[in-house]
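Residue numbers (my numbering), protein chains in the order written: chain A, 1 to 98; chain B, 99 to 196; chain C, 197 to 342; chain D, 343 to 488; chain E, 489 to 607; chain F, 608 to 726.
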C-alpha cells in the first residue's frame, strides 16, 4: 500500500503514526508540509533512516522546491507529480494520514 | 498573560510549545480539543502537574462535557464561558496557540 | 456542465473492502460528524465496510458526550445506530486507547445482529493492536480518511 | 446592516505593542501569506510591531523557495520588503531553528534603515532564545496568531 | 471592558466560530462590550448568507447576525480574504459588512483585549 | 488506470486542492483516466464561482472547471456539505454539479484507485 503524509512531523503526530503502521513492502510519500520529515539534521532523520530498511520512502520534489529545502536524507527518493502517479499505480490502497 | 490552547496534545505540538513559553504568573486555558491535556492518566499528566506549580491552568467545562470527559487532573480549574471572560479581564495579552 | 461528461459508472456486482479511517477528535472539527454521514450512506451499497479509530479518533466513541453548553449538534449517539445499518466492524486501536487512559468500557456500545448466528446481538467494536490495524489496512481496496 | 452600529472607534494617539505570532509552515496552508498581508497593513498604523517565528513558523523565512512547480503564489520574497515598511523586529526562536538543522544563514535577509543611526542598514531578523520570546510576549498589548 | 474578536475559521468545520460566539455572549452578559468581530482567513465563510445547516443544528451565520444586531457589534469581513474565497456582497448575510484589513489593526488599538479564535 | 479523487479542503487555505489538481493533471498526462473528483467537507468551497483570487495567483475554481471540461472529469460537490457551507446552485461554478454522498462510495467502487487530499 501507499501512505501519503502531508503534515509536518514537528507539529503533528501523523508521520509518527504512519511509521508505526507502515509494513514491509509498503511505501510512504511525503507531500506538502510532510516533506520536512525527509530532511537531514532533524530529530526525525534517525527514524527515517531506520524505516527505509523496510519501507520505501519518497518525497515530492515540487513541494521541497516550494519550501526552499533540498537536503534530503540518503535513501529517500525524490519524485515529481508523474512519479507520484506511478507510486499509486504500483501500490493499493492509497491512504492519506490527515 | 493568558494562553489559549485549543489543540489536542496527542496530535499537535501547540500545548508543549505553550508550556515551554508560559512563565510564572501567567495562565493557560484549555479549550476545544485542548481539553484533552487536562485529563488524568495520559502522558501529559506529569507535565501539567509540574506546570501548575508556576502557572494557573484552567479548562473549559462546556468543552469537557461535549467530549464526555471529566477526570480532570488535580489542581486544574474548570471554568465556564463566564470564567473564560474573567480570565481575559485578569490577564493581558491573550494569545492563542494555533 | 457539458452533457457529454460521464456521470454514471459501472458498479454492478462490485464488492470492495472500504475502510473509513478516523484519527481526529470529535467536536473540535467537523470531520468525525461528516465521516459518519459518509459511512451511513456507504451502508446502502453492500460493500465490505470497516471503520478504524486510532490516535484521537478513539475519542469519537467516548460515551457521555453532552453538547448542550457548546450549542453544537450531538452526533455521538449516531455511532450506536451503525449496527442497525449492518456495519459490523469498528476497529479501535488498543495503543491509542491506552495512551488516553481509556478502556472499552468508556466507549459507546455498538451492536449488530449476526445473520449467520440466528441474529444474535454481537458487539461491533473490536479493540485490536496497531499491528492488526496495519494488516487490515493492507487488505483494503479503498481507504477514506478525513 | 443597521445604521446605528458603531463602525469607527477612537484610536487617536494610541500606540500599542502588536506581536504577530507565526508557528506554521508556509505553502501547506495560507496562514503565513495572509498573516504577512496583515503585517504589511498594520505598518500604516504606526504601532510598535514585532513578528515572532517559532516552531514550523521559522520555515516561513527559509530562502530559496521556488513555487513554479506547485503553481502557487511565491510570497517568500515579500518578507524582504518588511524592512521597507519600517518593520524592524523579526524574532526567530533559536530552539526552533536548531531543531530543524537551520541557521540564520538559511533565512531570507531582511534589513531596515535605522533613523536613529544615520539611516544605517541593520538586520531585522534577531535570533533569540525561547526564554527571550517568553519575556517579549508578556510585554505585548496585542498578540495576533494564525 | 472593550473586546475585539478575530475569527480565522469558517463555521462548522472548526469549533472556532462556536467558541468565539459563546465567549462573546458571555462577555456581554457580564457587562462588557464587544466592539467588533473581524472575520479573516476562512473565517469569512461565517458571512455566507446561503449557509443552510440541518434543522437540528445551529445556524452560525444567523446567530452572529442576530447577536450583532441586538448588541450593536460591528461584524467585519476582510475584503481580500473574502475575494479569494468568493464571499462578496452577492452572498453577504445580514449584519455583516466587508472592509479592509486595517480594521483588524484598528480594533486591536481601540479594544482593551483582542482574542483570536482559529485552527 | 481509473482514478477517483476526494478533496476535503477549500481552495487556498490548504494545499490539498492544489496537490489534487497537479496529481490529476499528471495522471492524465500519463494516459490514465480521472473519472470523478468528489468535493466534501470544506472541499465544496472549490466550486464557489464568486472566488476571485489576486491576478498573480492561481484560480483553482477555474482551473478545475477547465480541466474537467477538457478531460471530461465529473466534478461533484456534496449536497449536504454544500448546504451547510452555503455552496448551492446560486454560486456553483461552471463544470461542477451537486449530488449526494453516494457518489463518493460509487466512485470508490468504480475506480481502480481512490485518493484523498485534505488537512
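Note that CB positions come from ideal geometry on N, CA and C, so glycine has one too.
Inset, instruction - Please specify which runs of the alpha helix (DSSP H), each continuous and at least 4 residues long, are wholly inside the region 133 to 188 of chain B, giving them in chain order. - result: 143 to 149, 159 to 164, 179 to 188
Inset, instruction - Out of 139(B), 162(B), 169(B), state which residue places its alpha-carbon closest to the alpha-carbon of residue 127(B). - result: Start at 1 with the first residue of the second chain, and residue 127(B) comes out as number 29. The shortest C-alpha separation from residue 127(B) is found at 162(B).
Inset, instruction - Tell whether a beta-carbon distance below 8 Å holds between residue 239(C) and residue 302(C). - result: What you label residue 239(C) is simply residue 43 of the third chain in a count that begins at 1. What you label residue 302(C) is simply residue 106 of the third chain in a count that begins at 1. Taking 8 Å as the Cβ cut-off, residue 239(C) and residue 302(C) do not qualify as a contacting pair.
Legend entry - CB contact below 8 Å: residue 333(C) versus chain B: The sequence position of residue 333(C) within the third chain is 137, counting from 1. With 8 Å as the cut-off, residue 333(C) does not count as an interface residue toward chain B.
Inset, instruction - Can you give me the Cβ contacts of residue 530(E) inside the same chain, cut-off strictly under 6 Å, excluding the 5 residues immediately before and after it? - result: Position 42 of the fifth chain, counted from the first residue, corresponds to residue 530(E). For residue 530(E), where only same-chain residues beyond five positions count, the Cβ hits under 6 Å are 497, 498.
Inset, instruction - State the DSSP-derived secondary structure class of residue 197(C), mapped to helix, strand or coil. - result: Sequence index remark: in the third chain, residue 197(C) carries index 1 (1-based). Low confidence applies to residue 197(C): its pLDDT is 48, below 50, so where it sits in the model is not reliable, and the reading given next is rough at best. If DSSP states are grouped into helix, strand and coil, residue 197(C) belongs with coil.
Inset, instruction - Kindly indicate which residue of 598(E), 525(E), 540(E) has the alpha-carbon position closest to the one of residue 557(E). - result: Numbered from 1 along the fifth chain, position 69 holds the residue referred to as residue 557(E). Closest by alpha carbon: 525(E).
Inset, instruction - Select from the region 183 to 196 of chain B all residues with a C-beta closer than 7 Å to any C-beta belonging to chain E, and list them in chain order. - result: 183, 186, 187, 190, 192, 194, 196
Inset, instruction - Provide the residue(s) that pair with residue 368(D) in DSSP beta bridges, ordered along the chain. - result: Taking the first residue of the fourth chain as position 1, residue 368(D) is located at position 26. None; residue 368(D) has no bridge partner.
Inset, instruction - To the nearest angstrom, report how far apart residue 687(F) and residue 547(E) are at their CA atoms. - result: In the sixth chain, counting from the first residue as 1, residue 687(F) sits at position 80. In the fifth chain, counting from the first residue as 1, residue 547(E) sits at position 59. Straight-line Cα distance between these residues: approximately 14 Å.
Legend entry - First through last residue of the alpha helix (DSSP H) which encompasses residue 555(E): Your numbering for residue 555(E) matches position 67 in the fifth chain. First-last of the alpha helix (DSSP H) with residue 555(E): 548 to 559.
Inset, instruction - Can you grab the Cα-Cα spacing for the pair residue 411(D) / residue 633(F), in whole Å? - result: Taking the fourth chain and counting its residues from 1, the one referred to as residue 411(D) is at position 69. Taking the sixth chain and counting its residues from 1, the one referred to as residue 633(F) is at position 26. Their Cα atoms are separated by approximately 12 Å.
Legend entry - Three-pair Cβ contact test at 8 Å for the region 380 to 394 of chain D versus the region 591 to 602 of chain E: yes
Legend entry - Inter-residue CB distance, residue 333(C) and residue 289(C) (contact presumed, cutoff 8 Å): Residue mapping note: residue 333(C) aligns to position 137 of the third chain, counting from 1. Residue mapping note: residue 289(C) aligns to position 93 of the third chain, counting from 1. The Cβ separation is near 11 Å, so there is no contact.
Legend entry - Proximal residues of chain F, C-beta to C-beta of residue 399(D) below 8 Å: Position 57 of the fourth chain, counted from the first residue, corresponds to residue 399(D). Going along chain F, no residue has its Cβ under 8 Å from residue 399(D), so there is no contact; the nearest lies around 17 Å.
Legend entry - DSSP three-state assignment for residue 236(C), whether helix, strand or coil: On the third chain, position 40 is the one that residue 236(C) refers to. Residue 236(C): helix per DSSP, three-state reduction.
Legend entry - Cβ-based neighbour list, residue 167(B), same chain, cut-off 8 Å, excluding 5 preceding and 5 following: Translated into positions along the second chain, residue 167(B) becomes position 69. So the qualifying residues of the chain are 133, 134, 137.
Inset, instruction - Report yes or no: is there a C-beta of chain D within less than 8 Å of the C-beta of residue 631(F)? - result: The count along the sixth chain starts at 1 and reaches residue 631(F) at position 24. It does not: the Cβ of residue 631(F) has no partner Cβ on chain D nearer than 8 Å.
Inset, instruction - Helix, strand or coil for residue 639(F), going by three-state DSSP, please let me know. - result: As a working mapping, residue 639(F) is identified with position 32 in the sixth chain. Three-state result, residue 639(F): coil.
Inset, instruction - Ignore the nearest five residues each way along the sequence and tell me which others in residue 702(F)'s own chain have a CB closer than 6 Å to its CB. - result: Numbered from 1 along the sixth chain, position 95 holds the residue referred to as residue 702(F). Same-chain partners within the cutoff: 672, 675, 676, 682.
Legend entry - Residue range of the unbroken alpha helix (DSSP H) whose run includes residue 113(B): Translated into positions along the second chain, residue 113(B) becomes position 15. Where residue 113(B) is concerned, the enclosing alpha helix (DSSP H) stretches over 112 to 119.
Inset, instruction - Helix, strand or coil for residue 681(F), going by three-state DSSP, please let me know. - result: One-based indexing of the sixth chain puts residue 681(F) at position 74. Looking at residue 681(F) - three-state DSSP - the assignment turns out to be strand.
Legend entry - Proximity test, Cβ basis, 8 Å: residue 425(D) and chain F: One-based indexing of the fourth chain puts residue 425(D) at position 83. Answer no: the Cβ-Cβ gap between residue 425(D) and chain F never drops below 8 Å.
Legend entry - Of the residues 233(C), 262(C), 247(C), 243(C), the one placed nearest residue 542(E), counting alpha carbons only: In the fifth chain, counting from the first residue as 1, residue 542(E) sits at position 54. That would be 233(C), whose Cα lies nearest to the Cα of residue 542(E).
Inset, instruction - Please name the residues in the region 361 to 394 of chain D whose beta-carbon is closer than 9 Å to at least one beta-carbon of chain B, in chain order. - result: 361, 363, 365, 366, 373
Inset, instruction - Assign residue 2(A) to one of two classes, buried (16 or more other C-beta atoms within 10 Å of its C-beta) or exposed (fewer than that). - result: Taking the first chain and counting its residues from 1, the one referred to as residue 2(A) is at position 2. Burial call: buried.
Inset, instruction - Taking all protein chains shown into account, decide if residue 139(B) is buried (16 or more other Cβ within 10 angstroms of its Cβ) or exposed. - result: Taking the second chain and counting its residues from 1, the one referred to as residue 139(B) is at position 41. By the neighbour-count rule (16 or more Cβ atoms within 10 Å), residue 139(B) is not buried but exposed.
Inset, instruction - Identify every residue that forms a DSSP beta bridge with residue 586(F). - result: Here chain F has residues from 608 to 726 only, and residue 586(F) is not among them.
Legend entry - Residue-level contact to chain C via CB, residue 502(E), 8 Å cutoff: By 1-based counting over the fifth chain, the position of residue 502(E) is 14. Yes, contact with chain C.
Legend entry - Span separating the alpha-carbon of residue 494(E) from that of residue 528(E): The count along the fifth chain starts at 1 and reaches residue 494(E) at position 6. The count along the fifth chain starts at 1 and reaches residue 528(E) at position 40. Computed Cα separation, rounded: 7 Å.
Legend entry - Candidates 376(D), 419(D), 426(D), 363(D), of which the one nearest residue 464(D) by Cα: Translated into the one-based positions of the fourth chain, residue 464(D) becomes position 122. Checked all of 376(D), 419(D), 426(D), 363(D); the closest Cα to residue 464(D) is 426(D).
Inset, instruction - State the Cα-Cα distance for the pair residue 538(E) and residue 156(B), rounded to the nearest angstrom. - result: Counting from one through the fifth chain, the residue named residue 538(E) turns up at place 50. Counting from one through the second chain, the residue named residue 156(B) turns up at place 58. Their Cα atoms are separated by approximately 37 Å.
Inset, instruction - Return no unless some Cβ of chain E is closer than 8 Å to the Cβ of residue 343(D). - result: Along the fourth chain, one-based indexing puts residue 343(D) at 1. For residue 343(D), the predicted structure reports a pLDDT of 48, less than 50, and the residue's modelled location is therefore unreliable. A value from the coordinates is still provided. True, the Cβ-Cβ gap to chain E drops below 8 Å.
Legend entry - Residues sharing a beta bridge with residue 462(D), DSSP: Along the fourth chain, one-based indexing puts residue 462(D) at 120. Its beta-bridge partners are 456(D).
Inset, instruction - Please name the residue or residues paired with residue 32(A) in a DSSP beta bridge. - result: Position 32 of the first chain, counted from the first residue, corresponds to residue 32(A). Bridge partners of residue 32(A): none, in fact.
Legend entry - Coil, strand or helix - residue 215(C) by DSSP: Within the third chain, residue 215(C) is the residue found at index 19, counting from 1. Here residue 215(C) sits in strand by DSSP.
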